[in-house]
Structure formats: structure tokens, C-alpha cells
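Below: one structure, written as C-alpha cells.
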Amino acid sequence: MYYPKAKQTLISLAVASACAAFMPAFAQEAASMPPAETATSAPSQAVDAASNPTASITGPAQNGTQTVVVTGLRASLESSMNLKRNAQGFVDGIVAEDIGKFPDTNLAESLQRISGVSIDREIGEGSKITVRGVGPDFNLVLLNGRQMPVSNLGDRNGRAFDFANIASEAISQLQVYKSSRAETPTGGVGATINVITARPLSRPGMQASIGIKGVHDTSATNLPDGLQHGNKITPEVSGIYSNTSADGRFGIGLSASYQERNLGYNRASVANGWKGPFRGDQATYGAIPLPGQPGSELITNRPGPTDLYQTPQNLNYNLSGVQRERTNGQVVFQFAPNKSITSTLDYTYSENKIHTRRNDMSAWFNFGPSSSSWTDGPIAGPLTYTEFIPAGNADIAMGVSDFATRSENKSLGFNTVWRVTPELRFELDAHSSSAESTPNSPFGSSNVIGTASFSRGNTTADFSQDFPVLSIQGADYARAPQQVTGSVFENGYMKTEVDQIQTHGSWKVLEASEVKFGLGATKVDYRSAFSVQQRDTWGGATQASDYPASLFTVDSLGKYFDQVNGSNNPALFDRFHTFNFNQIRDIVAQASGLPQLYVPKTTYDTDRRTEEKSKSLYLQFNTEWDTRFPINTSLGVRYEKTDVSSTALVPTPIAISWVSQNELPVVFGQSGFTTLKGNYSHVLPSFDADIALRDDIKGRFSYGHTIGRPRYDQIAGGQVLDTLARVEGGTGSQGNPALEPVKSKNFDIALEWYYGRQSFISVNHFRKQLENYAGQSQVIAQPFGVRTPVGGAYWNAALGSCTTADTTCIRNYIFRNFNGQPGVVAGANNASGDATGTITAIGTDPVANFRITSYSNQKKANIRGLEFNLQHMFGNSGFGVQANYTYVNSGLKYDNGSVGEQFALVGLGDSANLVGIFENDKWNVRAAYNWRDEFLSSTFDGSGPNPNYVEAYGQLDLSVGYNVNKNLSVSFEGINLTDEIQRTHGRTKQQVLFVTQSGPRYMLAARYKF
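Residue 1017, in the working numbering, is where the sequence shown stops; the numbers in between run on with no holes.
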């Protein structure tokens, strides 16, 4: 913002992108400091204002003053503080310590140090962010002011940007815009994050550095030998180079990095969710016996008639070894033929390859005769749950996976700035960017080959501690050798393309005012596709004799979860088998005579495509008011119009086939395309004001409207049924392209005290009024008239001899009495003597019920919170501390005592940071503790509408650096030093969904600056 009457000395604020000119060129005020002394921070010299890439960074020191040059970590903190202090609106940021040296190795982990920002972790590092209680899908990420596409096979339908794709070495600054303004692109309800890379003309002359790093991730060794990848220590190499011509008219910048990392994570889970919830007086499939019924005497502390409880669907343990290769690069050309024009051409590339190997063991519960014990109500949690299997013929299931994915991001951009006169300035910016995620293995983006020994007797799950303990009686691998059962091979694909053009103008009018204006057009093309090759031979794909015992290596399980409370329980069934994916796949492909079923399909079953075309214009008026207390205001309005067209290729279901006790896959026929359309437009006002109560105290106020577009699955055309149904029916989803975006009315007020050159205290209060939230709801429907054998003539005939809960008995009866009748094809008996085969629905069977998930604009929510910030440097001692705490609250919380679909805000939770630093001319040390309170991560689990709560998590990181000389430095970093675990539960703490152990990560690095 232009302040012609500012009385303080102007210094540069770090911003490093010629392409992000919609952001104001902030004028810098020197922080309060002793008289006759001016501070200059190295990072602020290294980068330039986004809207003025050739502007002078700092003017000469005033006559008679002493210049104190602050470098390294303290300089980064000072520049970040000045970013906050001099910003229009509410802005926080992080500035690189030096060229090629960002404070954290992961951008998301850097962002979590900012108040109000929390992160989601995947494979042991930060990936997505939540800001002020608003989840990852509603935070917009820009690269040098340009909207970035997103792609992630872990969530093919989301808008969340995955920061794991970007290395930090080429980043000069992160800016987090928490308040709205007219010139900022739409899409960030929580915040808009601008990732800024270096520009050569911002720092004349030759600048270069190279870094090498060795990484040891301890989680990579906490795995069976067959899952470990390569070396225990993996390399990272990075370099950055920029140079300008002698006359300062031409500049070139290059940056590149290559990183390998071997890691692992081990997870215990009730991955398919919890059955229910049931009322204590309810009698239905999955419920425990009512008082007086057989088995009711085996229930300890039975839930009361009005209490709610849930029973486990399955219990799974999986061990995963992961190899990641990440490559980043950028090239920048700048040309300034004169002082009035600067043009920039840049190309950015990133690639992230992830290869996963996995072994797992699980047991499924079929809700037969049982015993159980429970906590007190009104929400009764399970302490133990035992299912009686006197025949000892249920499956001890073990699976193996080997799959790989590749994510690639490309961005080509052009920017030119024309300063027509000192008062008038124009800018043109255009880019074409894409993000694409594909399989990187001949066996797909995800897969599993199941095996089983059909020798499981009575099975108990103990949920009384953090670690769920599975106990199995009667396991006998000699009587029932391990054999291949069912298998799944999936090919997933996601690609997003963004083509965007923006024009901006600024005109300084009157004595202390500025008008900003601009037009923009953006086209986003999204595609998500997948196919599933599933063989539902869960009773056995071939003969047990096809698989020699030498294929399987006996291992124990508990040692891989040694940080989880309860993993040393002697009752744990600890015989775990590991085996090689390729070996067992080759054998079953040959033995079955169906090799085509043990590779992914070559075509997609489901293909969803969405096109969004947006047009925008804005007008913004900035003014400085020369009153007793100087005031700066900014009043703006933005108009945005978006047209949506969504097309989907979906398979047409024709029947349900019953292939094992609780496996009823949907049989699909031909696929077809459907197209739906929608549109919306919004007028978004904004107002910012700040007042200098004293030279070192500033008050701040902001009000504005923002929008966040719906997730892609929410606006997808077509109705998709999930491939696997159950006895009670199936599930599916349907989008709504006519959905409006979430609209938020945002209110912010703050008081900031900058009492030292690198020290400040601030308190912020914020409120968000959210409307048009797309609430997820489920309806029971009978799409396509798909029929199910459950409840049909064969089923009903079997009920004369069996109970509805004993699906093994029902299947045996049907195969032994109706084999050869329409829809009934019996196979050979399995090792337990039970019949196998398929029972496919016929024309007289009942039409199946499906729970169809869809979306509508029917929800509202209010968020309010407080942010407290402290940054204090202890004089010239080199010691300092950073601390912040964010309190977030909403009246719209999940009600654990309510049954059915609910709308509640996900990601809402308090967070805090405490960072201690020490720095002198040789050493720099930083110890950082980050904490995030428990929060709701989803309102659905694998069984239906149930809450997912991620438990409170804290992590300690440490970095130590030593400057050997002015060019060479070495450093050590430790991540997650206390080896914390992550745990997610349902309505009660006992209802574990996931508990994950990874491990600390250590890095030793050297960096040379030319």
C-alpha cells in the first residue's frame, strides 16, 4: 500500500515474486529500536515486493546513523514480524533465512508455526493445512500469486493442496492472508496462502548456494525385512543460482532439488468402521443380545435401554514400507529494458513418486454368538468383544500389497509490469498449470492380495487401552494352510488444469490515496477416474496346496507398535506372516488360470470430469488519513461469476452376487456418460483499517466476504454405487453441480505492540459466519432396480434351519439344496467343510437398498476464536522465544448421542506453538514444540454416519546449525524427537479407528554459499 505521508523511515519488506502483483507493495516502517541505529535484515534485502520486482530494496542509511546487519534466523523472524506489521489487513508469513535456506524442510511444517494454522500429517510429514478451524479444502494456495491446481490419489475429489510436493529450498517467502480483500483471488475461506519463489532482479549480481543432506528415518527400520526399502540413510541435494547482467536489465534464476526418503508406518485400525450405533433396547443385525436372550448373560455392564453403543466390523494391523523420491525445479528469466517495464517468464516443475509395500493381518466379525464388556453410558464404549466360533473355521486373514503412485506438477507463467508514470501502473499475468497423479506400477495405484488360514476359533478384541488387542484361539496352520483368497487391483487417476489470466492496475490519486482495479478469467478442468479389478474368492482362489509354506515368513507383531500403550499385552495374537507380493501374485495368476484378474484394468469404470469457468473484476480504494492517530483504510469490492459443467462416466449395476459370509459385490454392466450443469455469482465486499495508536502500537480491523468452492465429488455428475455391498444393503454417492460455494462473512480485530526490533505481542479476535455449507446427507434409495439374494426365496427357505445372523449356515443350506438352480453356482467345500460359490440375485429377489450420499446447500455455522502471539528476543544475548496459542470454537459440534447424518465442522480445534532459539555468529539452535488439540476429522467412517476424532497431538523438533565460515555451514535436524503416535477414535475413546506409529527422523546437512 502506498503511504505518501508516512513519517517513519521506509525499509523494504520481503516479497519475492514479480508474478504476484495483485499484492500491495508494502511500505516498511523501521521497528522501535535505540536512537541513531537502523536495522537491516538480510532476508528483506534478498527479496522484493511482489508488485515491483525492480524497486530499490533499501535506501542508503541516514547521515550519522549506524547500520546493524542482522542475518540468519533472527533476520527471518524480524522480516516475518515486519510483514505482519506493515500489511494491509491480517497477514502472517515466514521469510527464508537466506538464499536456499528455509526454516523448515517441509512447507506445511513451517506454516504450522503461524498462529491459527494446523496441519494434517501423512507418512510422517505435513501435507495439508487447516486455518482458523476451516479445513484443507477451503484454503486457497497460490504460487507467486497464481491459483495452483491440486492432485492427490489419496483424495481424488478434494481441493486441498498437498505441500509435500514442494521442496522448501527454492522458496523465499510464505504469506498467509487471513482477511479478505478485493484484489485477492477467491477460494480461501480460512486463508489464502501465497508461496513465493526467488526472482533474479530482486537481488542483483550472482547469488548461488548448494546443499547436501543425509536423512535417516528411524521408521524405515521398524519394519519386517521384506518391507524395507534400500539404504537406511538417503540423500537430498539442492542448489539455487541467479545472476543479472551488469546493467541490471536481464536476470536468470535456476533452482533444483532431488530428495530420497525411506520410511515406514505401522497402523492398527478398525478400518471398516463400527456397526451401529444401536440403542440398548434394539434387536437387529450386529447388535448384542437383549436381556433374556441366549448370550445376554455373557455381557458385562450391558448398555442401558437408552444408551448408545457400537460393535466392531473388523480389526486390522498393517505394516507399510514407503520409498519417496521428490524432484523440484524452476527456471526464471527476467528482462527490464528500462525502468518502466519488467517482464518475467518462469517454469516450475515438481514430481513426487511414492512406492508402498505392505503386509497386514485382520479378523472380521460376523456378529454371531458373542460376549462383551462395556463402559458406562450414555455412550457405552467397548472394553472387550468376543465372537464364539466353536468350529474353528473362520479366516485368519493376511494380505500383501505393492503399489506406486506419481504426482507431477507443471506451471508455465508470464508476467509483465508497466509503470506508465510514477502514479499509474499496469500488470498482466498469465499462466497454464497442471497437476496430475497416476499409478507408477504395473500393479496399479493400490492393491491387495488376500490370504487366509481357515482355522480361527473364538476371537476377542480388547479395546481397553490405546492399542486394540486381537486374541485368536485354535489357530492351526498345519490343519488349514495359508492360501490366497480374494484380491483387489485399483487404477486411480486425477488431473487438474488451471489456465488463468489476470490484469491489474493501480493509480495514485489525490495526495494520499490509491485506486486498484483488475479483471481476471480462470478455467479449471478437473478429471478423476478409477477402475477396480476385484476377485471375490474370499473362500479360496485356488487350492491351499498351491502355496508352499516357504512363501511365508513367521514374525511377531507387537514389537512394531512398541510406542503404543497396550501393545505388549501377552494376549495379542502375535503370529504374523510376511510374504512377497510378486511371488504370490505369480503363483495365483498361474494356478487360477486367470492371470488377467491379477493386474489392474486397462480402462476406467468411473470417469468424472468437471469444468469451471470463472470471470472476475475488482475495485479497491486505499487511503491514508493524516489524523492525530494515522489511519490507513482500504475499501473494495469483487465480483465473481462461475459456470460449472460436470460429466461422469459411471458403470451401470445389474445385480448383487453373494460370494462369502459378508461379501456381496455389485455386478456391473456397461458404462455411460451423464452431464449436469450449474452456475453462481457473488459480490464480495471488503474493508480493512489500521490505526497507529503510537509508533509501536497498532490497532487493526477487517470485514469482508469470501467464498470457498465445493469439493469435486460434491459437484460430480452421475450416480456411483460402491463395488461391495453387505447383507443390509449397499452404498453409493451422487454429486450436485448446482451447489453454491460456501460463503463466509469474516470479522477481525487486533491489537499489536511492537516493543523491540524483533519483539512483539499481539492478540487477534476473529469471527466467521458460514453459510451454504454443503451438508453431507444419506438417503435410502433403490437405484437402477438392482436386486439382492438377501431376503429372496433361497434365503427365506434357509431361515427355517438357520438364524438371520448365521450367514455361514444360510450359504451352506442354499448351496446344498439349490445348487444348479438359477443364480446358484456351488464350488468345492473349503478346508472347514463349508460350501463356497456364488449366489447371484434373480428376477424374483427383492430390490436392494442403497445408502446414497449426496449434498445440498442447507447448513450454516459460526466460528469464533482468539489468536495470541509473542515474539521476544533477549537483548543481544542471542536467545529468543516465540509462542502462540489459537482458541477456536463453534456451537456446531458433533453430537455423539445422536444417530444418523449430522453436519459438524471438521478440523476445528485449538493449537499452540512454543519455539526457543539461540543464535550468534557461529551457532544457531531452534527447538520447536507444536501442539494440536483433539478435532473432528470426518462425520463418516467405513460403516456410515459416525464421527472420527483425531486425538490431541504434540511434536518436538530440533535444529542445530554451525557456520564454519562465511560460505560453509553444517546443520543437524531432528523431527518428532519424542516418537509420538497418532490416534483416531469414534464416539468413545475405546472405539479406536486408527492408531499409527512412525518414528523420529534425523538429518545431517552441509550448505555452501558462493
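Yeah, the Cβ is synthetic: ideal placement off N, Cα and C, and Gly gets one too. For clarity, every value in this text was computed on a predicted model and none was experimentally measured.
Per-residue burial, S557 [other beta carbons within 10 Å of its own, 16 or more giving buried]
To locate residue 557, count along the sequence shown from 1; it is residue 550. Flag for S557 reads exposed.
Quick check on E85: does DSSP put it in helix, strand or coil?
Here the question's residue 85 lines up with position 78 in the sequence shown. Correct three-state label for E85: helix.
Less than 8 Å between the beta carbons of G1020 and G512, yes or no?
The structure shown does not extend to residue 1020, since the chain is modelled only from 8 through 1017, so no value can be given for it.
Cβ-based neighbour list, G197, same chain, cut-off 6 Å, excluding 5 preceding and 5 following
Mapped onto the sequence shown, residue 197 falls at position 190. Counting only Cβ-Cβ distances below 6 Å, and skipping sequence neighbours, we find V138, R139, V141, F145 and N146.
Would Y969 be called buried (16 or more neighbouring beta carbons within 10 Å of its own) or exposed?
Taking the sequence shown and counting its residues from 1, one reaches residue 969 at position 962. Exposed: under 16 other Cβ atoms inside 10 Å.
Beta strand (DSSP E) segment containing Q266, residue limits
In the sequence shown, counting from the first residue as 1, residue 266 sits at position 259. Secondary structure note for Q266: its beta strand (DSSP E) is the uninterrupted segment F257 to S276.
Own chain residues within Cβ distance below 6 Å of F694, not counting five before or after:
The residue labelled residue 694 in the question sits at position 687 within the sequence shown. Answer for F694: L642 and Y710, listed in chain order.
Alpha carbon to alpha carbon, how far is Q540 from L656? Give it in angstroms, no decimals.
Position 649 of the sequence shown, counted from the start, is the residue given in the question as residue 656. Position 533 of the sequence shown, counted from the start, is the residue given in the question as residue 540. Distance between the alpha carbons of L656 and Q540 is about 17 Å.
Output the boundary residues of the beta strand (DSSP E) element that contains S599.
For the purposes of this step, residue 599 is identified with residue 592 of the sequence shown, where counting begins at 1. Premise fails: S599 lies in the alpha helix (DSSP H), F588 to S599, not in any beta strand (DSSP E).
I need the boundaries of the beta strand (DSSP E) containing F496, first residue and last residue.
For this step, residue 496 is matched to residue 489 along the sequence shown. Per DSSP, F496 belongs to the beta strand (DSSP E) from Q490 to V516.
Round the Cβ separation of Y719 and Y533 to the nearest angstrom and send it over; I've been treating them as touching at under 8 Å.
As a first step, residue 719 is located in the sequence shown; it is residue number 712 there, counting from the start. As a first step, residue 533 is located in the sequence shown; it is residue number 526 there, counting from the start. Indeed they touch by this definition, with Cβ atoms about 5 Å apart.
Work out the CA separation of V531 and E619 for me, nearest whole Å.
Residue numbering aside, residue 619 sits at position 612 when the sequence shown is read from its first letter. Residue numbering aside, residue 531 sits at position 524 when the sequence shown is read from its first letter. One C-alpha to the other measures close to 5 Å.
Output needed for D612: all residues of its chain with C-beta closer than 6 Å, excluding positions within five of it in sequence on either side, in chain order.
As a position in the sequence shown, residue 612 is number 605, starting the count at 1. Cβ neighbours of D612 beyond the five flanking positions: S538 and P658.
Sequence-distant residues of the same chain with beta carbon closer than 6 Å to E958, five excluded per side
In the sequence shown, the residue the question calls residue 958 occupies position 951. Result list for E958: E941 and R990, in chain order.
Host beta strand (DSSP E) of A459 (start-end)
Walking along the sequence shown from the start, residue 459 turns up at place 452. That run of the beta strand (DSSP E) goes S453 to R463.
If we ignore side chains and look at the alpha-carbon of each, how far apart do F461 and I101 end up?
One-based indexing of the sequence shown puts residue 461 at position 454. One-based indexing of the sequence shown puts residue 101 at position 94. Each residue's alpha carbon lies about 57 Å from the other.
Return helix, strand or coil for T845, following the three-state DSSP convention.
Taking the first residue of the sequence shown as 1, we reach residue 845 at position 838. Note: T845 maps to strand in three-state DSSP.
With DSSP as the reference, identify every bridge partner of P446, one or two as the case may be.
Along the sequence shown, one-based indexing puts residue 446 at 439. Note: P446 sits in a beta bridge opposite T412.
So the candidates are F708, S452 and K1016; which of them puts its Cα closest to the Cα of G96?
Taking the first residue of the sequence shown as 1, we reach residue 96 at position 89. Checking every option, the nearest Cα to that of G96 belongs to F708.
Which residues in the same chain have their Cβ closer than 7 Å to the Cβ of A838, if we skip the five residues on either side of it in sequence?
One-based indexing of the sequence shown puts residue 838 at position 831. The beta carbon of A838 is closer than 7 Å to those of F461, A487 and A551 in its chain, skipping five residues each way along the sequence.
Taking only three categories from DSSP, how would you classify N325?
On the sequence shown, residue 325 is found 318 positions in, with the first residue counted as 1. If DSSP states are grouped into helix, strand and coil, N325 belongs with the strands.
Are the CB atoms of H438 and R153 within a distance shorter than 8 Å?
In the sequence shown, the residue the question calls residue 153 occupies position 146. In the sequence shown, the residue the question calls residue 438 occupies position 431. Against a cut-off of 8 Å, the Cβ pair of H438 and R153 comes out as a contact.
With L579 as the anchor, note down where its beta strand (DSSP E) starts and where it stops.
One-based indexing of the sequence shown puts residue 579 at position 572. No beta strand (DSSP E) holds L579; DSSP gives it neither H nor E.
Determine the burial state of I787: buried for a count of at least 16 other Cβ atoms within 10 Å of its Cβ, exposed for fewer.
Counting from one through the sequence shown, the residue named residue 787 turns up at place 780. That one is exposed.
DSSP three-state call for G527: helix, strand or coil?
Your numbering for residue 527 matches position 520 in the sequence shown. Assigned with DSSP and collapsed to three states, G527 falls in strand.
Measuring CB atoms only, is the segment 927 to 944 touching the segment 116 to 134, in the sense that at least three cross pairs come out at less than 8 Å?
Contact between the segment 927 to 944 and the segment 116 to 134 is present: 3 or more CB-CB pairs across the two stretches fall below 8 Å.
Residue interval of the beta strand (DSSP E) (run including N970)
As a position in the sequence shown, residue 970 is number 963, starting the count at 1. Run containing N970: Y960 to N970, per the beta strand (DSSP E) assignment.
Thinking C-alpha only, which one of D614, N308 and C816 is nearest S678?
The residue you call residue 678 lines up with position 671 of the sequence shown. The residue with the shortest Cα to Cα distance from S678 is D614.
Since I believe G388 is in contact with T1036 (beta carbons under 8 Å), could you give me their beta-carbon distance rounded to a whole number of angstroms?
Residue coverage of the chain in this structure runs from 8 to 1017, which leaves residue 1036 outside it and unanswerable.
I'd like the list of long-range same chain contacts for S667, defined as Cβ closer than 6 Å, with 5 residues on each side in sequence excluded.
Working through the sequence shown from its first residue, we reach residue 667 at position 660. Here S667 has W545 and G546 as same chain residues with Cβ atoms under 6 Å from its own Cβ, once five neighbours each way along the sequence are excluded.
Give the DSSP bridge partners of I306, in chain order.
By one-based count along the sequence shown, residue 306 stands at place 299. Under DSSP, the beta-bridge partners assigned to I306 are S379.
If you count every other CB in all the chains shown that lies within 10 Å of the CB of Q603, and 16 or more means buried, which is it?
Residue numbering aside, residue 603 sits at position 596 when the sequence shown is read from its first letter. By the neighbour-count rule (16 or more Cβ atoms within 10 Å), Q603 is not buried but exposed.
What does the alpha-carbon distance come out to for the pair G737 and T307?
Locating residue 737 in the sequence shown gives position 730, counting from the first residue. Locating residue 307 in the sequence shown gives position 300, counting from the first residue. Taking the straight line joining both Cα atoms gives about 33 Å.
Please name the residue in Q337, S664, Q509 and D852 whose C-alpha comes closest to that of P1.
Residue 1 lies beyond the residue range present for the chain, which begins at 8 and ends at 1017; the question has no answer from this structure.
Assuming P660 and V476 make a contact with CB atoms under 8 Å, what is their CB distance in whole Å?
Counted from its first residue, the sequence shown places residue 660 at position 653. Counted from its first residue, the sequence shown places residue 476 at position 469. Not a contact, Cβ separation roughly 39 Å.
Three or more C-beta pairs closer than 8 Å, one from the segment 204 to 220 and one from the segment 995 to 1004: is that the case here?
no
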